[in-house]
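Written below as structure tokens is the structure these notes are about.
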Amino acid sequence: MDGYQLFKEKVTQLCEKHTSKDLIITLNNDDTESKITYGDLYETAKNFKEIMERNNLVAGDRIIIIDNHSPSNFVTFISAAFHNLTVAFIDPGLPIDEQNYFIDFLDPRAIFTNKKIVNNINEEYKCKYPILNNRNTSYKDISGYDKHEKLPATLDPDNDCIAILLSSGTTSRMKAVLIRYSSYMKALRICETTVDMKENSKQLITFPLYHVSGLLTSSTSFYSGATINMLEEFTPSILSKALQYFEPTHFCMIPKVYDVIGQKLLQTIEEKGGLIKKYYKFANKTALFFREYFNNPYVGHTLMAPFSKPIFGKNITALGVSGALCVESVAEIIYPMATTWCYIYASTEALVPISSSVRQDKYPICHIGLADRNPEIDIKINNPNEEGIGEIYVKSELIMKGYFREPELTAAAFDGEYFKTGDLGYIGDHGHLHITGRAKESILLHTGKKVSPNDLEDLLSPVVGNYGIAVCGILDKEYGFDRIHVFIEAPDLNDQKRFRLTDDILDYAQKNMPMYPIASVHYVDTIPRTSIGKPKRFLLIKNLENNKTLNTTSLSTDKETTNNETQDLETRILNIFKKFSNIQEEITPKHRFREELNLDSLSMYEISIEIERVSGIFIGEILNTFSTIRDIIDYVNDPSDITQPEPAYNIQDFPKKKKLRDKMLLSIVKGISKFNWIFKVKGLENIPNKGNYILCPNHQSHLDGLWTFMCMGNKRPPINKIACMAKQEHLESKFMTSFLRALGGIPVDRSGNSAPAMQRSEEWLSEGGYMLIHPEGTRTKDGYLGTFKSGAAKLAINTNTPIVPVVINGAYHVYPANKKLPRFRKPFLKRLAIEIIFQKPIYPTDTTAFSLTNKIEESIKKEIDYS
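If you count by our numbering, then the sequence shown holds residues 56 to 922, one letter each, in order.
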């Protein structure tokens, strides 16, 4: 039986056997549940034939899924593969240029995405291909076009391949990996045995399907008749909540997450002390002893239950690690909490797993299982040195069919029947496989994915210009993944110009390639190259380790720094405060930044972002614990735990849902306003009819936001979709609290720390809400425009939301900042006029926050009236 028929029969068998059983349970952002049963999946899969006929798809065609982590991806994948379509996955976080390249290269016949991402897709593709709504099983076309180009039959249909995943693999750039049905099915069978997956298992899935770990972990749960647990939107901050909510039996994650979990557990135990601390030491040591000497995981699992239950829930039995090994000290904390601890060694080309530790392994901390455990997978060390270390070669039927349309690269990836992984390792005395490094240049990210340095150099070329560039991955030995270092060949640039170029590089990278965080930018006189012009990356890394390069900007989080580096970091932080403050005197570490520097909340948010750029440490969430700039500098130089005061409110509770009395309040204020003042409204036609947006008015009075919404007429968004930011102090007044709720207020901490409010605003926009933000951050004191901050622009860029600049004229005369009440209408006198002008939207495409903020300011200045 061929692979496709085996897959189709297995899907049918599973869905008919478990028709009413939950396949996927999703915890939504509003704390409700969404469920998909095996029967639901089967109906969608059978009905998918109609979707194919409607969109002229036939077996062997390729389709592309570009969507965020969602249960819809799995449903579409299984349904399409059920009818012998090859499903290619593209990470929506990739830079748009890379996405466009692969859309062209993969030559699909349809694209499946969601209503937000479709806005990023080129009009050329919308016209050419059916763009189908991946979030609804009716799969309606959301391209905006009634008809599409008539496409020719697929030139190279491949009925043998179920999926295409993108990978940097072992060569110099990202490629499309062809995965056979037969390889996929065998991998699932091996995974099921490796992780002890059963029909009654529940696995919390956090890896997306466009990652090989996500594809195989989700599929293994399905293959076993188990249940998949998912989050509508995964963020690290709600992982703990999800583990407690679902109480899964299986969970797999990258090492960094386990590092955080382990550190928090030890911190909690240290704080509680006493008997709890003594019991933990006893339980942990006993668990390790029984595991190492008796190969018994159950004693430790029982003893460690009081500590594992608050973290993973009461049902956890299997914990997996993908991408790299945990730090040994962290692994010793975490792995006794489960009966099965799996270090999973895999690659997109070789599928999951090449090798893995399993429940039967003694002390599985420093290795990734027996090299010869699975007779279907042949692992050997090629050309080992005197220490036994060489490149790991793999031969199995799980190996990819090849790289899509790249036969030469496919041939180069093999040595006979063996696939060259590009990883270095050795097989120890007891037959265990150990990974020591990489033979190839691919950079291993903190997410477990790999990226080619050549690809990163291409992505950065627009901002680097004519200067030479080389990108290197340098292993972070503490965390087991690579940090991205950028080397610039610019001998003619002075320090000031280098600092500016570094700023441009980091700004550009944050906007265009956020999934590839840059650790440091270095400047060298010459980049060493081979005779054919390729950078000698190993020499750059060696010189860096020997301090032979000029490091002008570093985002390293290493605690050990030289005095010069510490002094340099202090100077940078002082320069950041100088950039955003409104005072002329010299700024020193002794300054109390809230009281003495005239900084508003948007400025404090931007300062937090800037400090993270130069230090790698985000202080936004703990900003209210610092008094002086010196406090911040000391913390950044030596990060330590800070006890934060208990917040007076939960930022996630805002904006509050509007009540009837809130709507009545707005109606009353609207009536009072129209009675007392004349409103002249222009530009309503400029307000977008579709999609959300950010309104950015200049700030002349307390009532600017209310008047702006009031004057939108029929263009005003639904009242429960409106939000703005407001001072926390408004929560302390019943009257102002009513206005806060009515206008969808998101409170800004009294300390001026707007980071939580900005993060909540970003979530709100991503959920389809509308925002009103004053770019000046505070009301004008003299009637003239203040300094525009880039907070609104950053929100727009981060959420791909257009900005509608709004000009307000006359409000300062009605309600200036120094008046407790506005100037109401007086008998027999002419009413004062307020003019509100809605300008054409500005879209945050191909721009920086600095540039976008300038555009907003220039747009408002054109029509501001100071008379």
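Cβ coordinates follow ideal geometry from the N, Cα and C atoms, glycine included.
Values in this document were obtained by computation on a predicted structure and should not be read as measured data.
Write down the C-beta distance between residue i and residue j rounded to the nearest angstrom, noting that I regard them as a contact closer than 8 Å.
i, j, result
"residue 186", "residue 209", "Incorrect: roughly 18 Å between the Cβ atoms, too far for contact."
"residue 305", "residue 359", "About 17 Å; that fails the 8 Å criterion."
"residue 323", "residue 289", "The pair is not a contact, with the Cβ atoms about 24 Å apart (cut-off 8 Å)."
"residue 119", "residue 143", "5 Å"
"residue 390", "residue 420", "7 Å"
"residue 368", "residue 298", "6 Å"
"residue 868", "residue 887", "6 Å"
"residue 116", "residue 164", "4 Å"
"residue 543", "residue 578", "5 Å"
"residue 683", "residue 647", "5 Å"
Measuring alpha carbon to alpha carbon, tell me which residue in the options is nearest residue i.
i, options, result
"residue 313", "285, 378, 337", "378"
"residue 162", "486, 180, 176", "180"
"residue 866", "731, 543, 798", "731"
"residue 799", "714, 98, 753, 390", "714"
"residue 280", "207, 641, 94", "94"
"residue 679", "882, 643, 811", "811"
"residue 553", "576, 535, 565", "576"
"residue 548", "519, 207, 406", "519"
"residue 839", "557, 871, 712", "871"
"residue 814", "779, 503, 89", "779"
"residue 404", "413, 466, 375", "466"
"residue 746", "817, 383, 825, 407", "825"
"residue 873", "917, 837, 851, 530", "837"
"residue 750", "850, 644, 88", "850"
"residue 524", "477, 582, 537", "582"
"residue 739", "446, 710, 770, 793", "770"
"residue 174", "326, 503, 221, 122", "122"
"residue 219", "201, 238, 206", "238"
"residue 692", "754, 321, 707, 672", "672"
"residue 889", "902, 758, 912", "758"
With which residues is residue i paired in a DSSP beta bridge?
i, result
"residue 258", "283, 305"
"residue 455", "Bridge partners of residue 455: none, in fact."
"residue 862", "892"
"residue 566", "DSSP lists no partner for residue 566."
"residue 780", "801"
"residue 443", "Paired residue(s): none; residue 443 is not in a bridge."
"residue 752", "861"
"residue 826", "749, 778"
"residue 493", "478"
"residue 218", "142, 234"
"residue 876", "According to DSSP, residue 876 bridges with nothing at all."
"residue 506", "498"
"residue 487", "425"
"residue 89", "81"
"residue 63", "Residue 63 pairs with nothing; no bridge assigned."
"residue 450", "433"
Tell me where the beta strand (DSSP E) around residue i begins and ends.
i, result
"residue 438", "It is not in any beta strand (DSSP E) - residue 438 carries neither H nor E in the DSSP assignment."
"residue 235", "230 to 235"
"residue 531", "523 to 531"
"residue 474", "473 to 482"
"residue 117", "117 to 120"
"residue 820", "No beta strand (DSSP E) holds residue 820; the alpha helix (DSSP H) holding it covers 810 to 821."
"residue 77", "77 to 82"
Which first and last residues belong to the alpha helix (DSSP H) in which residue i is found?
i, result
"residue 312", "310 to 327"
"residue 626", "618 to 635"
"residue 104", "93 to 109"
"residue 465", "462 to 467"
"residue 759", "759 to 765"
"residue 419", "Taken as a continuous stretch (DSSP letters only), residue 419 belongs to no alpha helix (DSSP H), as it is neither H nor E."
"residue 672", "That residue, residue 672, is in no alpha helix (DSSP H); it is neither H nor E in DSSP."
"residue 851", "846 to 854"
"residue 686", "684 to 692"
"residue 136", "126 to 137"
"residue 650", "648 to 651"
"residue 596", "592 to 600"
Would you list, in sequence order, the uninterrupted beta strand (DSSP E) runs of no fewer than 3 residues that lie entirely inside the stretch 338 to 411?
373 to 377, 395 to 402, 406 to 411
Which parts of the stretch 702 to 742 are runs of the alpha helix (DSSP H), unbroken and 4 residues or longer, counting only runs that do not cross its ends?
715 to 731
Give the list of continuous alpha helix (DSSP H) stretches no shorter than 4 residues that lie fully inside the stretch 162 to 214.
178 to 183
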